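Please read the structure below before turning to the comments.
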Amino acid sequence: MNDLLTALGNFDTQLYLAIAAQRNFVTSVIAVALTYLNWNGFFWWVLAFLLLRSRGLNRRGIAATGTVVLGALDAW
Numbered sequence: 114m115n116d117l118l119t120a121l122g123n124f125d126t127q128l129y130l131a132i133a134a135q136r137n138f139v140t141s142v143i144a145v146a147l148t149y150l151n152w153n154g155f156f157w158w159v160l161a162f163l164l165l166r167s168r169g170l171n172r173r174g175i176a177a178t179g180t181v182v183l184g185a186l187d188a189w
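If you count the sequence shown from 1, position 41 lands on 154 in my numbering, and the numbers rise without skipping.
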């Protein structure tokens, strides 16, 4: 699993550097915006996990986590 995550991280880095190396202002702004949105999305997934853990695996926990997951998926 670590190898897969490392490979995805390396691919993401290479893709970002390739886009930024084009020296085109528009593509650089898009690359920075996508990086920020992906990082922000990471925090929403962590929040969903913490909500599920704190509320338990019952109706309230699943509803709270489902709300966060639905909001994160709907945004994309």
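Even glycine gets a Cβ: it sits at the ideal position worked out from N, Cα and C. Keep in mind the model is a prediction, meaning the values are calculated, not measured.
Quick check on the burial criterion: 16 or more other C-beta atoms within 10 angstroms. Buried or exposed for residue i?
i       : result
Ala-146 : exposed
Ala-161 : buried
Thr-180 : exposed
Thr-178 : buried
Quick one: what does DSSP say residue i is sitting in, helix, strand or coil?
i       : result
Gln-127 : helix
Gly-179 : helix
Asn-171 : coil
Asn-115 : helix
Ala-185 : helix
Asn-151 : helix
Ala-134 : coil
From the options, pick the residue whose C-alpha is nearest to that of residue i; which is it?
i       : options                               : result
Phe-155 : Asp-116, Thr-180, Ala-185 and Met-114 : Ala-185
My assumption, with CB atoms under 8 Å, is that residue i sits in contact with residue j. Please give the rounded CB distance.
i       : j       : result
Ile-132 : Ala-120 : The pair is not a contact, with the Cβ atoms about 19 Å apart (cut-off 8 Å).
Gly-174 : Leu-165 : 5 Å
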